[in-house]
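Participant:
Protein chains: 4
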Amino acid sequence: MDHHLKPVKTAPVTPKTKRRAMPAEDRREQLIQATIKCIATQGLSSTTMAHITKEAGLSMGIVNLHFESKEKLLIETLRHVTEEYLRGWNDIISADTDDAAATIKTLLEFEFSASIVCKEKLAVWFAFWGEAKSRPIYQKICAKNDKRTEDSLVQLFQHFIDSGGSSWQHLDAELLVSTLTALVDGLWLDLLLTPRQMTRAKAREICLNYLTSVFGNQFQ
Amino acid sequence: MDHHLKPVKTAPVTPKTKRRAMPAEDRREQLIQATIKCIATQGLSSTTMAHITKEAGLSMGIVNLHFESKEKLLIETLRHVTEEYLRGWNDIISADTDDAAATIKTLLEFEFSASIVCKEKLAVWFAFWGEAKSRPIYQKICAKNDKRTEDSLVQLFQHFIDSGGSSWQHLDAELLVSTLTALVDGLWLDLLLTPRQMTRAKAREICLNYLTSVFGNQFQ
Amino acid sequence: MDHHLKPVKTAPVTPKTKRRAMPAEDRREQLIQATIKCIATQGLSSTTMAHITKEAGLSMGIVNLHFESKEKLLIETLRHVTEEYLRGWNDIISADTDDAAATIKTLLEFEFSASIVCKEKLAVWFAFWGEAKSRPIYQKICAKNDKRTEDSLVQLFQHFIDSGGSSWQHLDAELLVSTLTALVDGLWLDLLLTPRQMTRAKAREICLNYLTSVFGNQFQ
Amino acid sequence: MDHHLKPVKTAPVTPKTKRRAMPAEDRREQLIQATIKCIATQGLSSTTMAHITKEAGLSMGIVNLHFESKEKLLIETLRHVTEEYLRGWNDIISADTDDAAATIKTLLEFEFSASIVCKEKLAVWFAFWGEAKSRPIYQKICAKNDKRTEDSLVQLFQHFIDSGGSSWQHLDAELLVSTLTALVDGLWLDLLLTPRQMTRAKAREICLNYLTSVFGNQFQ
DNA sequence: AATGAATGAGGGTTCATTCAT
DNA sequence: CATGAATGAACCCTCATTCAT
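Sequences listed follow chains A, B, C and D, in order. Mapping of the first sequence onto our numbering: position 73 corresponds to residue 73, and the numbering continues sequentially without gaps. Position in the second sequence (from 1) plus 1000 gives the number in our numbering. Position in the third sequence (from 1) plus 2000 gives the number in our numbering. Position in the fourth sequence (from 1) plus 3000 gives the number in our numbering.
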């Protein structure tokens, strides 16, 4: 169940060489990418095995061969997107720096970067969120994700508050993080539902503006 | 209009249950409520006609009698929830008062009131949002709703800013509203996905806290 | 293309019977034959997908796999019977001979041959004729057929008339053909409706008798 | 089960007077007329109870009240058309005359009269013939009809032959009648399927032309 | 490992029939 | 008698899954 990032195959590829490092893993990746594309294009409920395999340029039976069932493929797709997000996040958090403000800004850049909030990924997020209420497994995958990012973000803000002297000591890091997290989620929703009115740049600006209203010009 | 070839039905029908005619509008309402419950319980994609009609205690054919198709029932259900929300909102906005701050506070109360963010309604919102990307009709119903509320909220905030003298004149009402709207949406998502960690009271507090960080203690 | 909301199918499928892949064209032929049999046995309006596939010894989904819809299968069935008829007719017409009388006699043999007016084919013809009035596509398929056969038959009779010297010059080939064609159709109807009283041999005799009343003993 | 001809009601009629001679019989007639219209307009297989009752301007339940079932209504409709035809036929046959030729001509007039071969009646005939093979009851009603007319027609022709002296004694009245009957049926089919090319006048001409080829100018 | 024709349970929809009004 | 809202069996069609090739 290793999900390290690999060169993505989107076109039908038919390698003829016998010794392939991880052909099975490549197929899985290929199918997950096709699934993401289908969900983004036609919605979760209209995404069929036939669509997915056609998009991947493969045969119908391949999914059950590599994922056992459609349900498992969907779960792996959600997990894939989730872990990709988490990995990017962790790369930023774990970067060795003492400048909390800079890290926070970098995180915001990341949250609204093209690779994360591209319409395909967004569509996947919301498709699964829409079903999460009635599918505990989806909820679990998303929640675990949230929990981890939120915890590290609280630490980060606490560092920042502590570094600011007495002026911010009255601030509640957890409250701030809850607010910022909700704000980001809400902006993602806007990016998905009304892409004409909400852009990634504007979303970032709104977040920075919020931080400014709390911390002053530290984030400009 | 339909010219598909249909077999002659000769089988006798012997319903065993009692039937009682009801005003069409009542039946529609009854079916919409059953639909909401089903979506909340099992998710949009698992909601079948059989489930809905069983939930309503009626027979399978009734939906097509009153809504023509499942798709139309779903649309009407979304519209129902949307309009119920909009009606509550308008009642508050159009209440005759000069106290913009009070109106804003009332709106926040409303946004997180039990009747609006009960888990059933939330599930419906997000279920449809998850499909909105690939179903223009859903997007349209939701977008129309957003546009109207946002416009009146901007006016409201502008009034409030203007009433506050020079201290807030630098504030951008539209930016504020975009932020607050996104915040509310994000908090709704939290209420749906992690009801254990996010409560309606906490959500309201987060919003007020945000307003406080912008306007100071005007909303406490 | 289809955007109806569909529930996720999670139920496992465990087919109990053996399956054997066949060339698509063979399957189509097999299904068309089953359709003909069903129409003959139970009538067009009682012919269901379940009946057809059971008759063919196949599963329900196979029709939509090979014909897209029931309607298309029915159309192809009509076309099949029609073209089979037309092919036989053309074989006779295009056979290299100058003896128009012999060709006409051969055509009559053909019109009432067992392979054409077997009760199954007749049932198919009349089943579709009965629906033709309200289904332009059926009418079109039948009409095209009629037009072609009628034209070549007129030519044939004209040759025959011309070859007979002055005695038949007053005859109207088109009128003759209209008469003969209607006669054949009417006899087919008798063969279908009252097979006890009308036989293929008798039908042929009636036609020859008609030709005799026009041309004298040329056809005996 | 009296089927005497009555003033036909085609528009929704709501009599307010209490004492009606045969209101039930009127309703039956009204429904049968609506059924004929529906079959002619949309074909037998697309004719639903809802269509019929709407066409009649009555309520859905009325058919089962007066005919017990749809099937019975269809049978009565076929019987109605059949008996109307038979009645017209008998009126001609039983008219007191010794001029067989004149009677035969009158019968041909009748066979292609507007009231008999109007497209609505034709559609009904062929609709039922198309189903006759698999519905013995339809076949029975049609066959009974045929039998009766055929017998009296044979007698008629026999009279005519006998009246002609020795020149026609070699003619077989039964064969003639079989031919003429089939011819008429075939022409009806043409009138139904290709009304553009076949007219009532032309059909009559074809029949007369046939009789001429047998009997010479006796029918001109 | 890969294919895709075949399967069949389950979906939405239709419509003859019923029965409370 | 008459109505038409309600019923539910049976229809056609979809699509996740299987397995002979």
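The beta-carbon is built from N, C-alpha and C at its ideal position, and this holds for glycine as well.
Just the Cα atoms here: how many angstroms apart are residue 32 of chain A and residue 1187 of chain B?
Facilitator: Looking at the two C-alpha atoms, the distance is approximately 30 Å.
Participant: Does residue 1082 of chain B have its Cβ less than 7 Å from a Cβ in chain A?
Facilitator: By this cut-off, residue 1082 of chain B is not an interface position.
Participant: Mind checking which residues open and close the alpha helix (DSSP H) that includes residue 137 of chain A?
Facilitator: Here the alpha helix (DSSP H) through residue 137 of chain A covers 136–163.
Participant: Report the rounded CA-to-CA distance for residue 218 of chain A versus residue 1089 of chain B, giving the unit in angstroms.
Facilitator: Whole-angstrom Cα-Cα distance: 36 Å.
Participant: One question on the structure: do residue 1154 of chain B and residue 1173 of chain B come within less than 7 Å of each other, judged by their Cβ atoms?
Facilitator: Yes, Cβ-Cβ distance for residue 1154 of chain B and residue 1173 of chain B is below 7 Å.
Participant: With DSSP run on the structure shown, which of helix, strand or coil describes residue 116 of chain A?
Facilitator: Three-state result, residue 116 of chain A: coil.
Participant: In terms of alpha-carbon separation, which member of B:1059, B:1170, B:1131 and B:1148 lies closest to residue 41 of chain A?
Facilitator: Nearest C-alpha to residue 41 of chain A: B:1131.
Participant: Following the continuous alpha helix (DSSP H) through residue 2110 of chain C, name the residue where it begins and the one where it ends.
Facilitator: Run containing residue 2110 of chain C: 2100–2111, per the alpha helix (DSSP H) assignment.
Participant: Return the chain-ordered list of same chain residues with a C-beta closer than 7 Å to the C-beta of residue 2138 of chain C, the five sequence neighbours on each side being excluded.
Facilitator: 2078, 2128, 2131 and 2132.
Participant: Of all the options C:2164, C:2044, C:2097 and C:2198, which has the alpha carbon lying nearest to the alpha carbon of residue 2214 of chain C?
Facilitator: Closest option to residue 2214 of chain C, Cα to Cα, is C:2164.
Participant: Does the distance from the C-beta atom of residue 34 of chain A to that of residue 112 of chain A stay below 7 Å?
Facilitator: For residue 34 of chain A and residue 112 of chain A, no; Cβs fall outside 7 Å.
Participant: Check each candidate in A:23, A:37, A:60 and A:171 and name the one with the smallest Cα separation from residue 118 of chain A.
Facilitator: Taking only the C-alpha atoms, the option nearest residue 118 of chain A is A:37.
Participant: How long is the line joining the alpha carbons of residue 1064 of chain B and residue 1070 of chain B, rounded to whole angstroms?
Facilitator: When rounded, the distance between both Cα atoms is 7 Å.
Participant: What residues in the stretch 3196–3214 of chain D bring their beta carbon closer than 7 Å to a beta carbon of chain C?
Facilitator: Listed in sequence order: 3206, 3209, 3210, 3213 and 3214.
Participant: Rounded to the nearest angstrom, what separates residue 3017 of chain D and residue 3023 of chain D at their Cα positions?
Facilitator: Because the pLDDT of residue 3017 of chain D is 40, which lies under 50, any placement of that residue in the model is unreliable, and the number read from its coordinates should be weighed accordingly. About 11 Å.
Participant: Kindly indicate if chain A contains any beta-carbon less than 7 Å away from that of residue 1045 of chain B.
Facilitator: So yes, residue 1045 of chain B belongs to the interface.
Participant: Considering just the uninterrupted stretch of the alpha helix (DSSP H) at residue 3072 of chain D, what are its terminal residues?
Facilitator: Note, residue 3072 of chain D: alpha helix (DSSP H), 3070–3093.
Participant: Under a three-way DSSP split, which group does residue 171 of chain A fall into?
Facilitator: It is coil, neither helix nor strand.
Participant: Can you say whether residue 201 of chain A is buried or exposed, counting buried as having 16 or more other CB atoms within 10 angstroms of its CB?
Facilitator: Label assigned to residue 201 of chain A: exposed.
Participant: Please list the partners that residue 1114 of chain B has in chain A, where partner means a Cβ-to-Cβ separation under 9 Å.
Facilitator: Under the 9 Å cutoff, chain A gives no residues; its nearest Cβ is about 17 Å from residue 1114 of chain B.
Participant: Given a cut-off of 7 Å, decide if residue 2081 of chain C and residue 2124 of chain C are closer than it, judged by their beta-carbon atoms.
Facilitator: Yes, these two residues count as a Cβ contact at 7 Å.
Participant: Along the stretch 1101–1125 of chain B, where does the CB come closer than 7 Å to a CB of chain A? Name the residues.
Facilitator: The residues in question are 1123.
Participant: Taking C-beta pairs closer than 8 Å, name the residues in chain B that residue 189 of chain A reaches, listed in chain order.
Facilitator: Ordered by position in chain B, the residues that pass the 8 Å Cβ test against residue 189 of chain A are 1129, 1182, 1185, 1186 and 1189.
Participant: Please state if the CB of residue 161 of chain A and the CB of residue 175 of chain A are separated by a distance shorter than 7 Å.
Facilitator: Taking 7 Å as the Cβ cut-off, residue 175 of chain A and residue 161 of chain A do not qualify as a contacting pair.
Participant: When Cβ atoms are compared, which residues of the stretch 3132–3165 of chain D fall closer than 8 Å to chain C?
Facilitator: Per Cβ criterion, the list reads 3132, 3133, 3134, 3135, 3139, 3142, 3143 and 3146.
Participant: Using a Cβ-Cβ cut-off of 8 Å (strictly less than) and excluding sequence neighbours within five positions of residue 76 of chain A, which residues of its own chain qualify?
Facilitator: Same-chain partners within the cutoff: 28, 32 and 67.
Participant: Keeping to the same chain, check which residues put their C-beta closer than 6 Å to that of residue 190 of chain A; ignore five residues upstream and five downstream.
Facilitator: The residues are 198.
Participant: Output, in chain order, the set of chain A residues within a Cβ distance shorter than 7 Å of residue 1222 of chain B.
Facilitator: Outside the shown range of chain B (1001 to 1220) lies residue 1222 of chain B, about which nothing can therefore be said.
Participant: Could you name the residues of chain B that residue 41 of chain A contacts, counting a contact when the two beta carbons are closer than 8 Å?
Facilitator: Simply 1134.
Participant: List the whole-angstrom C-beta distance separating residue 1949 of chain C from residue 3206 of chain D, where the pair is believed to meet the contact cut-off of C-beta under 8 Å.
Facilitator: Given a span of 2001 to 2220 for chain C in the structure shown, any question on residue 1949 of chain C remains unanswerable.
Participant: Taking residue 2115 of chain C as the reference, give the member of C:2043, C:2145, C:2087 and C:2021 with the closest Cα.
Facilitator: Of the listed residues, the one whose Cα sits closest to residue 2115 of chain C is C:2087.
Participant: Measure the alpha-carbon distance for residue 3185 of chain D versus residue 3044 of chain D and round it to whole angstroms.
Facilitator: Their backbone Cα atoms lie some 20 Å apart in a straight line.
Participant: Using a Cβ cut-off of 7 Å, pull out every chain D residue sitting near residue 2192 of chain C, in sequence order please.
Facilitator: Those are 3133, listed as they occur along chain D.
Participant: Taking only runs that begin and end inside the stretch 3027–3055 of chain D, name each unbroken beta strand (DSSP E) of 3 or more residues, in chain order.
Facilitator: DSSP runs (the beta strand (DSSP E)) wholly in the stretch 3027–3055 of chain D: none.
Participant: Going by alpha carbons, who is nearest to residue 93 of chain A out of A:107, A:54, A:84 and A:210?
Facilitator: Per the Cα distances, A:107.
Participant: Cutting at 8 Å between CB atoms, please list the residues of its own chain near residue 3109 of chain D, excluding the five before and the five after it.
Facilitator: Cβ neighbours of residue 3109 of chain D beyond the five flanking positions: 3204.
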